[in-house]
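Take any residue in the sequence shown, note its place counting from 1, add 19, and you have its number in our numbering.
Note that CB positions come from ideal geometry on N, CA and C, so glycine has one too.
Keep in mind that this is a model prediction, so the values were computed, not measured.
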Amino acid sequence: MVRSQGCTDCPTGKTSTAGAFECQDASGPGVCPPGSFTTGGSCALCDVGKFSQIFGSTSCSACPVGKFSSARGETTCAACLPGTMGSLQGQSSCFACKPGTFSSLAGATDCLACPPKSYSSVAGASQCVLCTPGTYQSLPGQSSCTACAPGWFSSQVGVTQCAACEVGRFSSTAGASTCTDCSPGTFSAQVASLRCFLCQAGKYSTMVRSQGCTDCPTGKTSTAGAFECQDASGPGVCPPGSFTTGGSCALCDVGKFSQIFGSTSCSACPVGKFSSARGETTCAACLPGTMGSLQGQSSCFACKPGTFSSLAGATDCLACPPKSYSSVAGATQCQTCTGNCQVVNADKTMCLYTPCPPPSPPITAPTAKPPAPPTSDPTAKPTPAIAAPTVNTAPTAAPTAKSAPPNAAPTYVSPTANVSPTSNAANPCSAGYIGPLCSQCAPGYVKRVDKCVLADTQSSGFVSVPLFMATATGAGVLTGLLM
């Protein structure tokens, strides 16, 4: 019809191509079957990831999301299996869910993250596994559960956190599903304990899950880890400073001690202390200037030069602070270097005396004479001006002054600048100093206060130094005074 407002389905057994105004037999000549399409007057199979369901299709349709077709000529697409997903159209296969995710239904378009308390360790999981006792998982999308830390436990499946062992109980390994009770003679006074502690000698505990130990009554004693007390002076009870071995008593060795009756072993002296004789009941603190960095020391170590210890019981020696040193072993304090020109060597065992750089000499300019007053005799003739003699050469010890341009300001050059009369390859000291540390005065110099000065200027403290003035007409000699 013209002016059609819609199209009508072909009757059963008939089909049509796009834009048809009539239907034809579905199996008639030239009509392509389902799973194929018409192209150039012939039929072609639908490609993988596509399908066609009717006769006479001119194209194939892409498989929708969640489905796939893995072979050519398909008339329908298959749903993705559980553990896989199809997030794209036209897929020829489905994607396996990654570890930590799953899909439990067919035709899934995405995989879901495993919830807390569970995990999936392999790809293609259709469900997640609950965490086993001794493990937990507090995050979603995980591929494994985490073992409970020592001192913690989980007794159920599928938990998000572990519980701490109660006081009087402990767990020493990771992944515990239960905690162990402290046995008599031991105790645990805090939660999440990794182990139980032996009752100290002189104390005892009679119960399991003990949170502490009880002192033995007066006149009784016990060894470490005891669940009962015995008479302190009974037969076979070894005195302090000794221990029981093979039914007899033996003295504690050097570096060890025991403080109670009936000890079965001696304790090593703690760091910072020592015992130098056998049979000691206590350990002595290391003296200042020494240190004890190890347990069980029979003597303390003297601090090395460059270090010190000022307190008793030191476990280490300290390096001398800046600008100080200690030159001997066993120092209790460091000495400070005095003087502005002293430095400490790298080992902080001595001060190095270096000469101070000499101060810059002051430059004394010549003083111009005032003009002579006019004469009162009107008949007197004026005195003719006498030109100053021109000096064209400088002393041979001075460097040659270069000519200055007209009207240039005079330049003063010290003849001893950058030159040391006592400095050479064998003696790199400053002028007036010699010796390995440049601390001795050179010949012709004497010590004045803390400096070496010329011997003929000792009384005045001044040194006369010739200076040279470069002018437009040549070099002139001036005289300056150095302090």
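Unbroken beta strand (DSSP E) run spanning residue i, endpoints
i: residue 269; result: 267 to 270
i: residue 473; result: 470 to 473
i: residue 264; result: 261 to 264
i: residue 506; result: This structure does not reach residue 506, given that the chain is present from 20 up to 502, and the question cannot be answered.
i: residue 55; result: 55 to 58
i: residue 465; result: 464 to 467
i: residue 362; result: 361 to 363
Distance CB(residue i)-CB(residue j) smaller than 9 Å
i: residue 282; j: residue 288; result: no
i: residue 102; j: residue 132; result: no
i: residue 189; j: residue 212; result: yes
i: residue 139; j: residue 150; result: no
i: residue 301; j: residue 328; result: no
i: residue 268; j: residue 258; result: yes
i: residue 273; j: residue 263; result: no
i: residue 271; j: residue 298; result: yes
i: residue 166; j: residue 153; result: yes
i: residue 464; j: residue 456; result: no
i: residue 323; j: residue 305; result: no
Buried/exposed call for residue i, threshold 16 Cβ in 10 Å
i: residue 180; result: exposed
i: residue 53; result: buried
i: residue 68; result: buried
i: residue 413; result: For residue 413, the predicted model reports a pLDDT of 39, less than 50, meaning its position is unreliable; a value from the coordinates is still stated below. The residue is buried, with at least 16 neighbouring Cβ atoms inside 10 Å.
i: residue 40; result: exposed
i: residue 318; result: exposed
i: residue 261; result: buried
i: residue 24; result: exposed
i: residue 421; result: Any reading at residue 421 must be qualified, since the residue scores a pLDDT of 42, below 50, and its modelled position is unreliable; no value is offered.
i: residue 26; result: exposed
i: residue 178; result: buried
i: residue 479; result: Per-residue confidence for residue 479 stands at a pLDDT of 42, beneath the threshold of 50, marking its modelled position as unreliable; the derived number appears in the next sentence. Label assigned to residue 479: exposed.
i: residue 325; result: buried
i: residue 76; result: buried
i: residue 492; result: Note on residue 492: pLDDT 39, under 50, position unreliable in the model; the coordinate value appears next. So residue 492 counts as exposed.
i: residue 59; result: exposed
i: residue 197; result: exposed
i: residue 22; result: exposed
i: residue 468; result: exposed
i: residue 296; result: exposed
i: residue 2; result: Outside the shown range of the chain (20 to 502) lies residue 2, about which nothing can therefore be said.
i: residue 225; result: exposed
Reference residue i; option with closest CA among the options
i: residue 125; options: 136, 273, 113, 135; result: 113
i: residue 240; options: 280, 82, 230, 310; result: 280
i: residue 142; options: 278, 116, 166; result: 116
i: residue 242; options: 250, 463, 261, 219; result: 219
i: residue 343; options: 330, 91, 371; result: 371
i: residue 107; options: 127, 122, 118, 84; result: 84
i: residue 90; options: 111, 71, 137, 98; result: 111
i: residue 195; options: 204, 202, 169; result: 169
i: residue 66; options: 80, 332, 177, 451; result: 80
i: residue 192; options: 25, 55, 172; result: 172
i: residue 356; options: 367, 307, 347; result: 367
i: residue 207; options: 244, 157, 236, 30; result: 244
i: residue 95; options: 307, 104, 73, 105; result: 73
i: residue 307; options: 349, 223, 222; result: 349
i: residue 214; options: 223, 203, 199; result: 199
i: residue 234; options: 221, 285, 362; result: 221
i: residue 346; options: 123, 130, 363; result: 363
i: residue 341; options: 353, 182, 321, 333; result: 353
i: residue 100; options: 78, 82, 127; result: 127
i: residue 291; options: 285, 313, 277, 275; result: 313
i: residue 118; options: 153, 159, 57, 154; result: 159
i: residue 461; options: 451, 469, 468; result: 451
i: residue 122; options: 204, 105, 185; result: 105
Those residues which DSSP pairs with residue i across a bridge
i: residue 338; result: 326
i: residue 86; result: 98
i: residue 121; result: 131
i: residue 250; result: 239
i: residue 234; result: 222
i: residue 154; result: 166
i: residue 453; result: 459
i: residue 370; result: 363
i: residue 354; result: 344
i: residue 188; result: 200
i: residue 115; result: 103
i: residue 149; result: 137
i: residue 144; result: The partner list for residue 144 (beta bridge, DSSP) is empty, contrary to what the question assumes.
i: residue 8; result: Because the chain spans 20 through 502 in this model, residue 8 falls outside it and cannot be assessed.
i: residue 183; result: 171
i: residue 303; result: 293
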